[in-house]
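Encoded as structure tokens, the structure appears first; notes follow it.
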Amino acid sequence: MADYYNDEDLGRFAEIGRARPDLTEKFFAYYQATLEEGALTKREKALIGLAVAHAIPCPYCIDSFAQSCLEAGSNIEQITEAIHVASSIRGGATLIHGLQALNSIDKVSM
Amino acid sequence: MTVSLIMAQSTVFDAALSRSGQFPLRAMRIDTLQINVGKKCNQACGHCHVEAGPNRTEEMTRETAETIIEVLRRNEQLETLDITGGAPELNPSFRTLVIEARALGRHVIDRCNLTILFVPGQETLADFLAENRVEVVASLPYYLADRTDAQRGGGVFEQSIAGLHRLNALGYGQPDSGLVLNLVYNPTGAFLPPAQADIEGEYRRELEKRHGIVFNHLYTITNMPIARFKHFLERTGNYDRYLRKLAGAFNPAAAASVMCRSLISVGYDGTLSDCDFNQMLDLPVWEGGPRHIRDFDYDQLSARRIVTGEHCLGCTAGSGSSCGGATA
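Protein sequence lines correspond, in order, to chains A and B.
Quick note on my numbering: the first sequence kicks off at 10 and runs consecutively.
Quick note on my numbering: the second sequence kicks off at 23 and runs consecutively.
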């Protein structure tokens with residue numbers, strides 16, 4: 010295997026159903042349904058998807074949702090703001106765990 | 023050539039049509055005569071399927087323009103004269119075509135790049151369009167400067183906004199004026215347009231807030247994988263992926279409503295094609311019927327078989343695409 014990540018694999022996603030196609034079918038039906046217009050617009054969902062893709066971080070999802078955001082009408086400023094939200098939540102999550110470190114230190118400190 | 027060979031499905035598009043029970047595609051009527059009066063333009067946009075620009079010299083002659091008026095006179099079914107280019111206003115016969123078609127009671131559309139309003143010699147153009155109650159369909163690929171200029175050239179956005187102010191001041195896009203100003207969004211890259219209603223709302227809000235501009239409707243148009251846009255796709259390694267995207271988004275409802283089923287396209291030299299894209303690919307209408315405006319025959323042409331190719335996937339992807347925006 011030359012590359013762990015190959016962008017052509019994105020278009021081959023459905024091949025994961027080679028075994029247990031029943032499970033794959035259920036997953037894709039659910040996946041599609043979550044991205045349909047509902048209480049949230051497709052555009053809002055695409056921005057959420059992009060932010061999550063960066064938080065995971067998943068190159069397939071980043072590629073896919075960056076395109077989805079453009080095709081939902083988002084511009085580069087809006088897309089960048091969504092990525093910053095993901096970044097700040099990830100950063101915040103790291104930082105707030107600092108309290109665990111402080112708790113641990115306090116527990117053994119005089 | 024045998025019938026079976028003629029009817030052969032040669033492209034992914036034809037196969038998709040066939041699966042949806044719509045092969046071969048046929049015209050239903052002709053209500054719009056779309057004429058491309060030449061390839062000369064004051065701009066040279068990066069996505070232009072005409073590959074228009076300041077150095078192009080192809081231009082419709084006065085004789086061909088007169089033939090078009092005669093065809094309009096003889097065929098009342100042709101309700102709309104849709105004039106495109108290049109910058110169609112640069113053709114010396116442009117104003118005659120408008121005046122004559124309006125005198126025949128036809129709806130006239132000018133596909134305007136907006137910056138043409140400021141080209142020397144075009145100082146009276148906006149007034150002329152308003153006086154003749156011409157519908158203006160104006161290109162504005164985005165409501166922000168960076169993406170517009172990236173596609174259409176540096177400074178185009180600023181001048182386009184000035185053009186829209188000028189048209190608004192004449193009543194274009196204003197409620198109850200009857201002067202129709204429609205804008206065109208097209209993607210500034212290798213992706214599909216957003217839902218037309220959604221992006222129209224955003225344009226309306228942002229253009230009003232940022233520039234005090236009003237308009238009637240926004241049309242979303244998909245970039246066709248031909249000419250300059252195809253070169254861009256190939257140069258950036260996006261061609262195969264874009265074609266797969268278009269094919270994957272094939273929408274049978276959009277196929278049923280494609281513009282070629284109710285429109286016919288006339289080239290600067292009078293050649294008839296099913297659309298402006300086919301015209302640029304040197305694909306005239308189906309052989310066996312009239313193929314030049316001087317031989318126009320409504321009955322034959324209004325039931326013609328449409329000549330298709332891979333690029334037709336651009337009109338049937340997602341919500342569909344036409345010169346009047348989304349179709350499904």
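Where a beta carbon is used, it is the ideal one built from N, C-alpha and C, also for glycine.
* Indicate whether at least one CB of chain A lies closer than 8 angstroms to the CB of LEU166(B). => In the second sequence, residue 166(B) corresponds to position 144, counting from 1. Chain A, which has a Cβ nearer than 8 angstroms to the Cβ of LEU166(B), makes this yes.
* To do: Measure the C-alpha to C-alpha separation of TYR13(A) and CYS337(B) and round it to an integer number of angstroms.
  => Your numbering for residue 13(A) matches position 4 in the first sequence. Your numbering for residue 337(B) matches position 315 in the second sequence. One C-alpha to the other measures close to 36 angstroms.
* To do: Compare the Cα-Cα distances from GLN56(B) to each of ASP319(B), ASN113(B), GLY289(B) and LEU126(B) and report the closest residue.
  => Along the second sequence, read from residue 1 onward, the residue named residue 56(B) stands at position 34. Of the residues ASP319(B), ASN113(B), GLY289(B) and LEU126(B), the one whose Cα lies closest to the Cα of GLN56(B) is GLY289(B).
* C-alpha distance - CYS70(A) paired with LEU56(A), whole-angstrom precision -> Taking the first sequence and counting its residues from 1, the one referred to as residue 70(A) is at position 61. Taking the first sequence and counting its residues from 1, the one referred to as residue 56(A) is at position 47. Their Cα atoms are separated by approximately 12 angstroms.
* To do: Taking ASN204(B) as part of the alpha helix (DSSP H), name the residues at either end of that continuous run.
  => By one-based count along the second sequence, residue 204(B) stands at place 182. If you look at ASN204(B), you'll find it isn't in any alpha helix (DSSP H); it sits in the beta strand (DSSP E) that goes 203 to 207.
* Under 8 angstroms between C-beta atoms of VAL120(B) and VAL159(B) -> In the second sequence, counting from the first residue as 1, residue 120(B) sits at position 98. In the second sequence, counting from the first residue as 1, residue 159(B) sits at position 137. The answer is no: Cβ separation not under 8 angstroms.
* To do: Output, in chain order, the set of chain A residues within a Cβ distance shorter than 9 angstroms of PRO216(B).
  => In the second sequence, the residue the question calls residue 216(B) occupies position 194. Against chain A, a Cβ distance below 9 angstroms from PRO216(B) picks out LYS51, ARG52, LEU79, GLU80, ALA81, GLY82 and SER83.
* To do: Report the rounded CA-to-CA distance for ALA12(B) versus ASN245(B), giving the unit in angstroms.
  => What the structure shows of chain B is the stretch from 23 to 350, and residue 12(B) is not part of that stretch, so it cannot be assessed.
* Between the region 304 to 316 of chain B and the region 329 to 343 of chain B, are three or more C-beta pairs nearer than 8 angstroms? -> Because the criterion of three Cβ pairs below 8 angstroms is met, the region 304 to 316 of chain B and the region 329 to 343 of chain B touch.
* Asked: Between the region 139 to 146 of chain B and the region 183 to 193 of chain B, do three or more beta carbon pairs fall short of 8 angstroms?
  -> By the criterion of at least three beta-carbon pairs nearer than 8 angstroms, the region 139 to 146 of chain B is in contact with the region 183 to 193 of chain B.
* Exposure of ARG133(B), with buried meaning 16 or more beta-carbon neighbours within 10 Å -> Stepping through the second sequence from its first residue, residue 133(B) is reached at position 111. Burial call: buried.
* Kindly indicate which three-state DSSP category ILE71(A) falls into: helix, strand or coil? => The sequence position of residue 71(A) within the first sequence is 62, counting from 1. It is helical.
* **chain A contact residues for VAL224(B), given Cβ-Cβ distances below 8 angstroms** => Locating residue 224(B) in the second sequence gives position 202, counting from the first residue. Note on residue identity: the sequence assigns Glu, not Val, to residue 224(B). Proximity of chain A to GLU224(B) at the Cβ level (cut-off 8 angstroms) is accounted for by GLY82, in chain order.
* Does DSSP classify VAL120(B) as helix, strand or coil? -> Residue numbering aside, residue 120(B) sits at position 98 when the second sequence is read from its first letter. The answer is helix: DSSP assigns VAL120(B) an H, G or I state.
* To do: Give me the Cβ distance between LEU335(B) and VAL34(B), rounded to the nearest whole Å; I'm assuming they're in contact under 8 angstroms.
  => On the second sequence, residue 335(B) is found 313 positions in, with the first residue counted as 1. On the second sequence, residue 34(B) is found 12 positions in, with the first residue counted as 1. Taking the Cβ atoms as the reference, LEU335(B) lies roughly 7 angstroms from VAL34(B), within the contact range of under 8 angstroms.
* To do: Identify every residue that forms a DSSP beta bridge with MET228(B).
  => One-based indexing of the second sequence puts residue 228(B) at position 206. According to the sequence as given, residue 228(B) is Glu; it is not Met. DSSP output for GLU228(B) lists no bridge partner at all.
* Inspect the beta-carbon positions of PHE272(B) and ALA66(B) and report whether they are closer than 8 angstroms. => Residue numbering aside, residue 272(B) sits at position 250 when the second sequence is read from its first letter. Residue numbering aside, residue 66(B) sits at position 44 when the second sequence is read from its first letter. Contact: no.
* Asked: Does the beta-carbon distance from ALA212(B) to TYR264(B) come in below 8 angstroms?
  -> As a working mapping, residue 212(B) is identified with position 190 in the second sequence. As a working mapping, residue 264(B) is identified with position 242 in the second sequence. Cβ distance < 8 angstroms, so ALA212(B) and TYR264(B) count as in contact.
* Asked: With DSSP run on the structure shown, which of helix, strand or coil describes LEU285(B)?
  -> Along the second sequence, one-based indexing puts residue 285(B) at 263. For LEU285(B), the secondary structure class from DSSP, reduced to helix, strand or coil, is strand.
* Collapsed DSSP secondary structure at GLY75(B) in the structure displayed -> As a position in the second sequence, residue 75(B) is number 53, starting the count at 1. The answer is strand: DSSP assigns GLY75(B) an E or B state.
* Could one say the Cβ of PHE3(B) lies closer than 8 angstroms to chain A's Cβ atoms, at least one of them? -> No information on residue 3(B) is available, as it lies outside the stretch 23 to 350 that chain B covers here.
* Where GLU180(B) sits in the DSSP three-state scheme -> By one-based count along the second sequence, residue 180(B) stands at place 158. DSSP, reduced to helix, strand and coil, places GLU180(B) within a helical segment of the structure shown.
* Taking all protein chains shown into account, decide if ALA348(B) is buried (16 or more other Cβ within 10 angstroms of its Cβ) or exposed. => In the second sequence, residue 348(B) corresponds to position 326, counting from 1. Burial call: buried.
* To do: Would you kindly work out how many angstroms separate the C-alpha atoms of ARG84(B) and LEU112(B), rounded to a whole number?
  => The sequence position of residue 84(B) within the second sequence is 62, counting from 1. The sequence position of residue 112(B) within the second sequence is 90, counting from 1. Roughly 13 angstroms between the two C-alpha positions.
* Asked: Helix, strand or coil for ASN58(B) per DSSP?
  -> Mapped onto the second sequence, residue 58(B) falls at position 36. In the structure shown, ASN58(B) sits in a strand (DSSP, three-state: E or B).
* **Any chain A beta carbon closer than 8 angstroms to ARG266(B)** => As a working note, residue 266(B) is residue 244 in the second sequence. Cβ-Cβ to chain A under 8 angstroms: yes for ARG266(B).
* Asked: Do we get a CB-CB distance below 8 angstroms when we pair ASP220(B) with the residues of chain A?
  -> In the second sequence, the residue the question calls residue 220(B) occupies position 198. Chain A contact via Cβ: present.
* Grab the span of the beta strand (DSSP E) containing ARG15(B) for me, first residue to last. => Coverage of chain B is limited to positions 23 through 350, which leaves residue 15(B) absent and any answer about it impossible.
* To do: Can you tell me which of the three DSSP states PHE213(B) falls into?
  => The residue labelled residue 213(B) in the question sits at position 191 within the second sequence. The answer is coil: DSSP assigns PHE213(B) none of H, G, I, E or B.
* To do: Kindly indicate the opening and closing residues of the beta strand (DSSP E) around GLU157(B).
  => Within the second sequence, numbered from 1, the residue matching residue 157(B) stands at position 135. Counted as a single uninterrupted DSSP element, the beta strand (DSSP E) harbouring GLU157(B) occupies residues 157 to 161.
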